[in-house]
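Undergrad:
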Amino acid sequence: MDKQKLIINGGRKTEGEISVHGAKNAALPLLAATVLIKDGECIIHNCPRLTDVDAALRILSHIGVRCRRDGSTVISNAAAVANFEIPVSMMREMRSSIVFLGAVLGRAGRCRMSYPGGCELGPRPIDLHLSALRSMGAVIEESHGFLDCTAPKGLFGSNISLSFPSVGATENIMLAAVTAEGVTEIHNAAKEPEICDLSAFLVSCGAEISGAGTDTVLIRGGKKLHGCEYSVMPDRIATVTYLCCAAVTGGELVLTGADISHIGAVIPVFRQMGCRVYSFGNDSIYINAPQSLRAPHTVRTMPYPGFPTDAQAPLMAVCTVADGTTVFVENIFDNRYRHVSELLRMGAQIKTEGRVAVVQGVRQLSAAELVSPDLRGGASLVIAALAAEGTSTIGGTAHIDRGYESIENALRSVGADIKRI
Ligand code: EPZ
C-alpha cells in the first residue's frame, strides 16, 4: 500500500483557474481501441497522466502495441500485436481492463485474461459483456478466475439488447463489432459522453458507427481501419470535483478545457445550493459560491444523462456543510458509500440505509486522519478537508491518483493549503 499522504489545512477559499485534464473514462477505451488498428499510428492528444492510463499503456505494450507518451499525447502503433494474454497482475491493477477483451478478441481472434480486479464499489459483474460477445460468436470459457475467449468462426454482427445500459459492456461490444462480419445493433446502450468519444475515434479510424449517445448504436463491421489523430474529451467528473472544491469553500473558480454540456444534471444542483455557475467561451465554466450553501433537493444517481454516480461522493462532501438535509439515492452501485464512515470522523451527520444516504448539514467539519476508500471517495475527503477546521491527513492517495492528475498541484494553484508527503 502506498505510504503517501495528502496534508490539507482547511478554511481557505478555492479561487483561480484550473485546466481540466482529459477524461480517464474516455482515454481507457480509446487506448484499447488502438489494438484494432493494423496500419498507421494513432496519435491521441489530451490523454491524462493518471495511473489507470499508465496501466492501460502497460497492457498495450505487453500485447505488442508500440506506444509512448509525449507530454499529454500518446502515440500508439499496433502493427505487430503478437500476444492475446493479459497477465493477472495487470488485470488486478484496474477494473476497466475488461474493455481490452473486445479489442483483443476483435484483433487476434483470441483473448485470455483473469476476472477484472480494481474497484471496491461492490461486485463488478461482467455478465452483460460476456453474453453480448457470445451472441457475436465468441466462445468464452470461465474457469479458475480466468476468461479464455476464442472466436472459432470469427465474430459476426448481432442484435443485442442490454438489460442495463452498461458503459463498459457498450464499449466492449463496439470494439468487437467494428471487426465483426455484418451489422451489430446495441439496444439500451449506454449514452455517456465517453461512448460518443469512443465512437468518434473509431469513425475517424474508418469504422462505420451511428447512434452513439442514443440508446441504439449501430456498427457495420469489416471496414478497413487506419490510424488517426484524436483529442480526448475533458474529464466531466474531474470538472464536477473542482466545482465542488469551490462550492464547499465559498470560492470562485474558472475551469478551462471543460464541457458544461456533459454535466447537465449536476449544474442545477449547484444552483439549488446557491452557486452561480455558467459557461463562457466554448470550453470554460465559471462558478461563484456563496458563504453558506442551501442543501439541494434529493440527488438520485442514474445512467447518463441523469446525475452521474461518480459525482455522488464529491457532492456529498459539499452537502455535509450545507444548510438543511440532503437525501442521496445511489442507484448504480451496491456499495458506494464507503466515504461516509470517513466523513463521520470529521463531524459530518450522515445516515445510510441501503441505497439511501441522508446528510444533515453541520456548521463546520473538523479535520481528521482519513484514508481514501476508493477513487471518488478519496476526492470526497479532499473536498471535505478543504472546508474543515484544522489540518487533515488523507492516506490511500493511490486511489486518488487513478483519476486525478496531481490533485495537490491543481488545488494549490487555486489557493488551497495542500501538500503530499
Ligand atoms: C464505468 O464503469 C466507469 N468506469 C465508472 O467510473 C462509472 O461509475 C460507471 O461506468 C457508471 O457510469 C470506466 O468507464 C472505466 P457499468 P462500468 O458497466 O463500465 C452493473 C470511476 O470512478 N453491471 O455501467 O464498470 C454494475 O455492477 C469509475 O471513474 C452488471 O450488472 O459501469 C453496476 O452496478 C467507477 N453487469 C452497473 O451495472 C455487467 O456486465 C453500472 O456498471 C456490467 C455492469
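Take the sequence shown: its position 389, counting from 1, is numbered 1161 in this note's numbering, and each next residue is one higher.
Cβ coordinates follow ideal geometry from the N, Cα and C atoms, glycine included.
Here the structure is a predicted model, which means the values were calculated and not measured.
Would you call PRO1006 buried or exposed, if buried means 16 or more other Cβ atoms sit within 10 Å of its Cβ?
TA: The residue is buried, with at least 16 neighbouring Cβ atoms inside 10 Å.
Undergrad: Taking 7 Å as the cut-off, is the CB of ASP1031 close to at least one heavy atom of the ligand ADP?
TA: The ligand ADP is absent from the structure shown, which contains only the ligand EPZ.
Undergrad: Under the DSSP definition of a beta bridge, which residues are partnered with HIS959?
TA: Bridge partners of HIS959: SER933 and THR988.
Undergrad: Return the residue from the list ILE1039, SER1051 and THR1092 that minimises the CA-CA distance to SER1064.
TA: Taking only the C-alpha atoms, the option nearest SER1064 is THR1092.
Undergrad: Under a three-way DSSP split, which group does PHE918 fall into?
TA: Looking at PHE918 - three-state DSSP - the assignment turns out to be strand.
Undergrad: Spatial neighbours of THR1165 within its chain, please: CB distance less than 6 Å, with the 5 preceding and 5 following residues excluded, ordered by chain position.
TA: These residues qualify, in order along the chain: LYS777, ILE779 and GLU1141.
Undergrad: At which residues does the alpha helix (DSSP H) containing GLN1084 begin and terminate?
TA: GLN1084 -> alpha helix (DSSP H) spans 1084 to 1091.
Undergrad: Whole beta strand (DSSP E) runs in the stretch 827 to 872 with 3 or more residues, listed along the chain?
TA: Taking only runs of at least 3 residues, the beta strand (DSSP E) segments lying wholly in the stretch 827 to 872 are 838 to 842 and 845 to 849.
Undergrad: Quick check on the DSSP output: the beta strand (DSSP E) that includes CYS1047 runs from which residue to which?
TA: No beta strand (DSSP E) contains CYS1047, which DSSP labels as neither H nor E.
Undergrad: By the DSSP assignment, the alpha helix (DSSP H) with HIS998 in it spans what residues?
TA: HIS998 -> not in any alpha helix (DSSP H); beta strand (DSSP E) instead, spanning 998 to 1003.
Undergrad: Which residue marks the beginning of the beta strand (DSSP E) containing GLU1024, and which one marks its end?
TA: 1024 to 1028 is the span of the beta strand (DSSP E), which, as asked, contains GLU1024.
Undergrad: Return yes when at least one heavy atom of the ligand EPZ lies under 7 Å from the C-beta of VAL1049, else no.
TA: It does not: the Cβ of VAL1049 is nowhere closer than 7 Å to a heavy atom of the ligand EPZ.
Undergrad: Can you name, in chain order, every residue of its own chain whose Cβ lies under 7 Å from the Cβ of ALA740, other than the five neighbours on each side?
TA: Residue 740 falls outside the range modelled here, since the chain spans only 773 to 1193, and no answer is possible.
Undergrad: Going by beta-carbon coordinates alone, are ALA1196 and PHE1042 separated by less than 8 Å?
TA: Residue 1196 cannot be examined here, being either before or after the span of the chain that is shown, 773 to 1193.
Undergrad: Going by the C-beta, is THR1011 closer than 7 Å to any heavy atom of the ligand EPZ?
TA: No; taking the cut-off as 7 Å, the Cβ of THR1011 has no heavy atom of the ligand EPZ nearer than that.
Undergrad: With H, G and I counted as helix, E and B as strand and the rest as coil, what does DSSP make of THR1163?
TA: Note: THR1163 maps to strand in three-state DSSP.
Undergrad: Whole angstroms are fine: how far does the CA of ILE790 sit from the CA of SER1185?
TA: Going by the C-alpha atoms only, they are around 8 Å apart.
Undergrad: Does PRO965 come out as helix, strand or coil in the three-state DSSP assignment?
TA: It is helical.
Undergrad: CA-CA distance, ARG1072 and ASP987?
TA: Spanning the two alpha carbons is a distance of roughly 20 Å.
Undergrad: Thinking just about the alpha-carbon of each residue, which of ILE1059, GLN1084, ARG884 and PHE1105 is nearest to the one in VAL1099?
TA: Comparing Cα positions, the closest option is GLN1084.
Undergrad: Measure the CB-CB distance between ALA984 and ILE967 and report whether it falls below 8 Å.
TA: The answer is yes: Cβ separation under 8 Å.
Undergrad: So what does PHE1052 bridge to, in DSSP terms?
TA: Answer is SER1056, bridged to PHE1052.
Undergrad: How far does the alpha helix (DSSP H) with LYS796 in it extend, from its first residue to its last?
TA: Segment 796 to 805, the alpha helix (DSSP H) holding LYS796.
Undergrad: Would you call the stretch 931 to 949 and the stretch 958 to 978 in contact, with 3 or more CB pairs under 8 Å?
TA: Output reads yes: the stretch 958 to 978 touches the stretch 931 to 949.
Undergrad: Might you give, ordered along the chain, the residues of its own chain that have their beta carbon closer than 6 Å to the beta carbon of TYR887, omitting 5 neighbours on each side?
TA: Contacts found: GLY917.
Undergrad: Might you give, ordered along the chain, the residues of its own chain that have their beta carbon closer than 7 Å to the beta carbon of PRO1124, omitting 5 neighbours on each side?
TA: As written in the sequence, residue 1124 is Thr, which differs from the Pro given in the question. For THR1124, where only same-chain residues beyond five positions count, the Cβ hits under 7 Å are TYR1109 and VAL1112.
Undergrad: Beta carbon of GLU1125: closer than 7 Å to some heavy atom of the ligand EPZ?
TA: No, the Cβ of GLU1125 stays beyond 7 Å of every heavy atom of the ligand EPZ.
Undergrad: Is the separation between the beta-carbon of HIS793 and that of ALA1010 shorter than 8 Å?
TA: Cβ distance < 8 Å, so HIS793 and ALA1010 count as in contact.
Undergrad: Given a cut-off of 8 Å on the beta-carbon distance, is the pair PHE856 and ARG830 in contact?
TA: Going by C-beta atoms, PHE856 is not nearer than 8 Å to ARG830.
Undergrad: Look up VAL1112 in the DSSP assignment and say whether it is helix, strand or coil.
TA: Correct three-state label for VAL1112: helix.
Undergrad: Which residue's Cα is closest to the Cα of ASN1107: THR1097, GLY1119, ARG1127 and VAL1012?
TA: Closest option to ASN1107, Cα to Cα, is ARG1127.
Undergrad: Taking 8 Å as the cut-off, decide whether the C-beta atoms of VAL807 and VAL911 are in contact.
TA: No, the pair does not count as a contact, with Cβ atoms beyond the cut-off.
Undergrad: Check whether the Cβ of VAL837 lies closer than 7 Å to any heavy atom of the ligand EPZ, and answer yes or no.
TA: Flag unset: Cβ of VAL837 not near the ligand EPZ.
Undergrad: Can you check which of these residues, ARG1174, SER1152, ARG1148 and ALA1139, is closest to ASN781 by C-alpha distance?
TA: Comparing Cα positions, the closest option is ALA1139.
Undergrad: Flag PHE1100 as yes when its Cβ comes closer than 7 Å to any non-hydrogen atom of the ligand EPZ, and as no otherwise.
TA: No, the ligand EPZ has no heavy atom inside 7 Å of this Cβ.
Undergrad: Is GLU1180 helix, strand or coil when you go by DSSP?
TA: The answer is helix: DSSP assigns GLU1180 an H, G or I state.
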